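**Student:**
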Amino acid sequence: WVHAGRDSQTYITRETLASFEPTIDYCVVKIPRWTFEKFPGAEDRLTTSMKSVGETMAIGRTFKEALQKAVRSLEIGRFGLLGDSPKSQEHLLDVRDLEQGLLNPNSKRLFYVAEAFNRGISVDRVYELTRIDPWFLHHIRQIVDMGARLMEMAKEGVSPNDWDRDLLKQVKECGFSDVQLGRLFNREEEGIRQIRKTGGVEPVYKLVDTCAAEFEAYTPYYYSTYEQENEIRRSDRKKVVILGGGPNRIGQGIEFDYCCVQASFALREMGIESIMVNSNPETVSTDYDTSDKLYFEP
1301 WVHAGRDSQT
1311 YITRETLASF
1321 EPTIDYCVVK
1331 IPRWTFEKFP
1341 GAEDRLTTSM
1351 KSVGETMAIG
1361 RTFKEALQKA
1371 VRSLEIGRFG
1381 LLGDSPKSQE
1391 HLLDVRDLEQ
1401 GLLNPNSKRL
1411 FYVAEAFNRG
1421 ISVDRVYELT
1431 RIDPWFLHHI
1441 RQIVDMGARL
1451 MEMAKEGVSP
1461 NDWDRDLLKQ
1471 VKECGFSDVQ
1481 LGRLFNREEE
1491 GIRQIRKTGG
1501 VEPVYKLVDT
1511 CAAEFEAYTP
1521 YYYSTYEQEN
1531 EIRRSDRKKV
1541 VILGGGPNRI
1551 GQGIEFDYCC
1561 VQASFALREM
1571 GIESIMVNSN
1581 PETVSTDYDT
1591 SDKLYFEP
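Using the numbering used here, read the sequence shown as starting at 1301 and increasing by one per residue.
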């Protein structure tokens, strides 16, 4: 039985066998969705018991890009890792409370890590408090450093109009959204988008496969990134985009996903190409064969 499994073809390429060593040229980040705010008096403390009500998943070319996309996908009013939300309170904490937030696992710990780096606390100290692998901490530190660089430019009066293409690409490779950049530079999101487009920095979409494009992938499963080659397969068929419900939460669960799936099936029967956009890995709508194309996006 084991031998037969090793010799079976994968559904992704229809050529490689199950024993083929995968080559991955993308990074996937999953973040649980917690709703402690729905339960007044509940302690925001993570233990070995499951306390999340859902999760989100994001795909990017780098960990930094995927992490910030995953934060946006949570739909908690944050557009990235840095404290760009009116709801964020970590910048108001004194050092002692911040270190307690790092020491005790909680739903905001990721943002406390970013705030610690923003205050100049070292990677070694954050590791000592959190025991999070330094590899992840260094990448989070790089996101914070890029944010600090942008804030310094904003203070010096450097406009995004003056950015060169290389800086625009660096910012996008770190996962910063147009909304984040707009808030840093007191600009509208649309204004940042136009600057980016004028500079020739636009997203492309890559296929998810297990062979780094060595073989053709048959799963129409895409994610956005900022590179050169676009791997979207266009068709002349009539198309309908279905927006998924995002991560499960209290009051919004699989019943919404059921509607998305049934809509996709109905469109298929009508001969219309269905395009699903969602970020919830727990649902049927994000199965690769539910719709004609799947975009894993915030």
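Just so you know, even glycine gets a beta-carbon here, dropped at the ideal spot from N, CA and C.
Just so you know, these numbers come straight off a predicted model, no measurement behind them.
Residue 1326 and residue 1523 look like a contact to me (Cβ under 8 Å); what is the Cβ gap, rounded to whole Å?
**Tutor:** That pair is a contact at about 7 Å.
**Student:** Could you say which of 1437, 1463, 1343 lies nearest to residue 1415 if we only look at CA atoms?
**Tutor:** If we check each option's Cα against that of residue 1415, 1437 comes out closest.
**Student:** Whole angstroms are fine: how far does the CA of residue 1546 sit from the CA of residue 1578?
**Tutor:** When rounded, the distance between both Cα atoms is 6 Å.
**Student:** From which residue to which residue does the alpha helix (DSSP H) around residue 1347 run?
**Tutor:** Segment: none, residue 1347 is in no alpha helix (DSSP H) and carries neither H nor E.
**Student:** With C-beta atoms as the reference, is residue 1560 less than 8 Å away from residue 1570?
**Tutor:** Going by C-beta atoms, residue 1560 is not nearer than 8 Å to residue 1570.
**Student:** Among 1464, 1343, 1508, whose alpha-carbon lies nearest the alpha-carbon of residue 1323?
**Tutor:** The candidate whose alpha carbon is nearest that of residue 1323 is 1508.
**Student:** Please say whether residue 1460 and residue 1493 have beta carbons closer to each other than 8 Å?
**Tutor:** No, the pair does not count as a contact, with Cβ atoms beyond the cut-off.
**Student:** Would you tell me roughly how many angstroms separate the C-alpha atoms of residue 1343 and residue 1590, rounded to the nearest one?
**Tutor:** Approximately 39 Å, taken between the alpha carbons.
**Student:** What are the uninterrupted segments assigned as beta strand (DSSP E) that are 3 or more residues long and contained completely in the stretch 1492-1550, given in chain order?
**Tutor:** Here the runs fully enclosed are 1504-1507, 1521-1525, 1539-1543.
**Student:** Around the Cβ of residue 1478, are there at least 16 other Cβ atoms within 10 angstroms (buried) or fewer (exposed)?
**Tutor:** Classification of residue 1478: buried, given that the 10 Å Cβ count is 16 or more.
**Student:** Let me confirm a value: residue 1401 is counted as buried when at least 16 other C-beta atoms fall within 10 Å, else exposed. Which label applies?
**Tutor:** Result: buried.
**Student:** Going by alpha carbons, who is nearest to residue 1536 out of 1542, 1572, 1526?
**Tutor:** The shortest C-alpha separation from residue 1536 is found at 1572.
**Student:** So the alpha helix (DSSP H) residue 1451 belongs to, where does it begin and stop?
**Tutor:** Residues 1434-1455.
**Student:** Provide the residue span of the alpha helix (DSSP H) that contains residue 1338, from first to last.
**Tutor:** Neither: residue 1338 is in no alpha helix (DSSP H) and is coded neither H nor E.
**Student:** Any idea which residues DSSP pairs residue 1358 with across the strands?
**Tutor:** DSSP lists 1329 as partners of residue 1358.
**Student:** Output the distance between the C-alpha atoms of residue 1476 and residue 1353, rounded to the nearest integer angstrom.
**Tutor:** Spanning the two alpha carbons is a distance of roughly 27 Å.
**Student:** Leaving aside the five residues before and after residue 1583 along the sequence, list all residues of the same chain whose C-beta is less than 6 Å from its C-beta, in chain order.
**Tutor:** Answer for residue 1583: 1557, listed in chain order.
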